[in-house]
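Down below is the structure, laid out as structure tokens.
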Amino acid sequence: MSTGRRIAVYGAYGHTGRFVVAELLRRGWTPVASGRDADALAALSQAFPGLATHVATIDDPAALDRALAGTRALIHCAGPFLDTGAPLLDAALRARIHYLDVAAEQRATDATHARDAELRAAGLVAMPSIAFYGGLADLLATALLDEGETRVDAIDVAVALDRWHPTAGTRLTGERNHYRRWVIADGERRYVADPAPTRRWAFAAPIGEVDVVALPLAETITISRHLACAELHSWMNLAPLVDLRDPATPAPQATDADGRSDQQFIVEVEVRANGRRRRARASGRDIYAVSAPLAVEAMERILDGRARGHGALAPGQAFDAREMLGALAACGIASALEH
Ligand SMILES: NC(=O)c1ccc[n+]([C@@H]2O[C@H](COP(=O)([O-])OP(=O)(O)OC[C@H]3O[C@@H](n4cnc5c(N)ncnc54)[C@H](OP(=O)(O)O)[C@@H]3O)[C@@H](O)[C@H]2O)c1
């Protein structure tokens, strides 16, 4: 395995991939950009002069092997991960490097977790969904736990976005992910009710109390990977879903020099156990942009030995969640815990 600072990014010219490339450079790593479109990779290396690039399609193992050669980890940003996850994880295993992705799809994350034994045997870590959806709520839930606590009664995750201008990749992933979503109910994985249940959620200002609808994404998988709970449900306010369902909603527009949009988010996690109610909150700007520091921070922690063990790991399982959230404050993710 290489000991250098080269990190492979697949899907590097996508919206999220570009944020990951920029975050790696900002932290002094050497991204090696890969994807299936030679012209898009050439355009990316214009934007990031000196960037190494490799054209590779997901069905060409030899090309993927060349793209990953000499790197220490892969951050995979090209979704739908239901299609791209397995071939890239296979390539990471062949290259004997750690694998991270930003999948929001429950079944893609679950499929990566199912490769745990193989990863452990290889002494590698795979961390799917280390991103806004999947990773952030898992860190928040874990940060609320007492030392050694792995069993709680109920967890609710609530996301509020002031808007959601989706990328092409988000739209494509939503269409591809036609499966019914899982929640945890009565201690078991069950399909979310149809029609999706609604309730009220009192978010912090400036959102306040609003209607939310059940929208379980990858956090159902990441959280339940290491926490036993009888009930685990996820919710979202309605405004972003109206945006998402409207084909006329534009893609995200950059409004700062880093390419971030104005989109504001709040993620709140409530954990209930033994009659005690605890709440954690994270807030910030642009759900695509903040996925980059989440993934790169995790990658650094895996490479410098701060991850607990090997295998297919959820972020809260691998890391000191409070400490990691503290570190992410410098990257635009503000968080607060109410124990
Ligand atoms: N969990 C989260 O919070 C989170 C956050 C951000 C993104 N995501 C996920 O990340 C994915 C990308 O999102 P994005 O916003 O970056 O979208 P995007 O800007 O549209 O980029 C999508 C990227 O994926 C590549 N791609 C798609 N299918 C591919 C395939 N079969 N083979 C090779 N490359 C393929 C695209 O390449 P081409 O241009 O060549 O098609 C492009 O590079 C989506 O699945 C999205 O749900 C999740």
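Taking this note's numbering, the leading residue of the sequence shown gets 968, the next gets one more, and so forth. Quick reminder that beta carbons are idealized off the backbone N, C-alpha and C, glycines included. In this text the structure is predicted, and so the values were computed from the model without any measurement.
Heavy atom of ligand 1 within 6 angstroms of residue i beta-carbon
i, result
"Asp1004", "yes"
"Phe1015", "no"
"Ser1228", "no"
"Ser1258", "yes"
"Tyr1100", "yes"
"Ile959", "Examination of residue 959 is not possible in this model, given that the chain is present from 968 through 1306 alone."
"Gly978", "yes"
"Thr1187", "no"
"Ala1034", "no"
"Asp1105", "no"
"Ala1029", "no"
"Ile1064", "no"
"Val1069", "yes"
"Tyr1146", "no"
"Asp1050", "yes"
"Ile1308", "Only positions 968 to 1306 of the chain appear in this structure, which leaves residue 1308 out of reach."
"His982", "yes"
"Thr1079", "no"
"Tyr1315", "Within the shown structure, residues of the chain are numbered from 968 to 1306, placing residue 1315 beyond reach of any answer."
"Thr1216", "no"
"Thr1140", "yes"
"Ala1224", "no"
"Ala1045", "yes"
"Thr1076", "no"
"Thr1134", "yes"
"Thr1137", "yes"
Proximal residues to residue i (C-beta, below 8 angstroms), its chain only, five neighbours per side dropped
i, result
"Pro1219", "His982, His1132, Pro1133, Thr1134, Ser1228, Gln1230, Asp1253 and Tyr1255"
"Ala1009", "Thr1020"
"Asp1287", "Arg1273"
"Glu1085", "Leu1060"
"Asp1004", "Tyr980 and Val1022"
"Phe1170", "Ala1125, Ala1127, Glu1176, Val1177, Asn1204, Ile1233 and Glu1235"
"Arg1308", "With the chain represented from 968 up to 1306, any question about residue 1308 goes unanswered, as that position is not in the structure."
"Trp1202", "Asp1123, Val1124, Ala1125, Val1126, Arg1166, Trp1168, Val1179, Val1180, Ala1181 and Leu1182"
"Pro1028", "Pro1054, Asp1057, Ala1058 and Arg1061"
"Val988", "Val976, Ala979, Pro998, Ala1000, Leu1011, Phe1015 and Leu1018"
"Glu1264", "Met1291, Ala1294, Leu1295 and Cys1298"
Residue i vs residue j beta-carbon contact at 7 angstroms
i, j, result
"Leu1111", "Phe1232", "no"
"Val1234", "Asn1204", "no"
"Leu1304", "Ala1247", "yes"
"Gly1299", "Gly1251", "yes"
"Tyr1066", "Ala1034", "no"
"Phe986", "Ala1259", "yes"
"Arg1039", "Leu1211", "no"
"Val976", "Ala1000", "yes"
"Leu1055", "Glu1072", "no"
"Ala1181", "Ser1096", "no"
"Arg1245", "His1306", "yes"
"Gly1046", "Arg973", "no"
"Glu1198", "Ala1301", "no"
"Leu1194", "Thr1117", "yes"
"Asp1068", "His1043", "yes"
"His1277", "Gly1002", "no"
"Ala1098", "Leu1208", "no"
"Thr1189", "Gly1101", "yes"
"Gly971", "Gly978", "no"
"Val1159", "Arg1148", "yes"
6 angstroms CB neighbourhood of residue i in its chain, flanking five on each side removed
i, result
"Val1119", "Cys1196, Val1238 and Ala1240"
"His1200", "Asp1123 and Val1150"
"Thr1024", "Arg1003"
Cβ shell of residue i (< 7 angstroms), same chain only, five flanking positions each side left out
i, result
"Asp1032", "Ala1058, Arg1061 and Ala1062"
"Thr1222", "Ser1228 and Asp1229"
Residue i at chain D interface by Cβ criterion, 7 angstroms
i, result
"Ala1045", "This model lacks chain D altogether, as it is built from one protein chain only."
Near ligand 2: residue i beta-carbon under 6 angstroms from a heavy atom
i, result
"Ser1201", "Ligand 2 is absent from the structure shown, which contains only ligand 1."
Taking only runs of the beta strand (DSSP E) that begin and end inside the segment 1099-1139, which ones reach a length of at least 3 residues, in chain order? Taking 3 residues as the minimum length, the beta strand (DSSP E) runs contained wholly in the segment 1099-1139 are 1118-1128, in order along the chain.
Alpha helix (DSSP H) runs contained entirely in the segment 1184-1230, provided each spans 4 or more residues: Runs found: 1186-1193 and 1206-1212.
Between the segment 1092-1111 and the segment 1280-1289, do three or more beta carbon pairs fall short of 8 angstroms? Short answer: they touch.
My parser needs the alpha helix (DSSP H) runs of 4 or more residues fully inside the segment 1225-1291; what are they? Qualifying alpha helix (DSSP H) stretches, in chain order: 1258-1270 and 1282-1285.
Could you pull out every unbroken alpha helix (DSSP H) segment of at least 4 residues lying fully inside the segment 999-1064, listed in chain order? With a minimum length of 4 residues, the continuous alpha helix (DSSP H) runs that stay inside the segment 999-1064 are 1005-1014, 1028-1035 and 1048-1062.
Do the segment 1085-1095 and the segment 1153-1165 make contact, defined as three or more Cβ pairs closer than 8 angstroms? The segment 1085-1095, when compared against the segment 1153-1165, does not touch it at the 8 angstroms Cβ threshold.
Inter-stretch contact (C-beta, 8 angstroms, three-pair minimum) for the segment 1135-1151 and the segment 1289-1298: The segment 1135-1151 vs the segment 1289-1298: no contact.
Determine contact between the segment 1159-1176 and the segment 1067-1077, defined as no fewer than three beta-carbon pairs at a distance below 8 angstroms. Between the segment 1159-1176 and the segment 1067-1077, the count of C-beta pairs closer than 8 angstroms stays below three; the two stretches do not touch.
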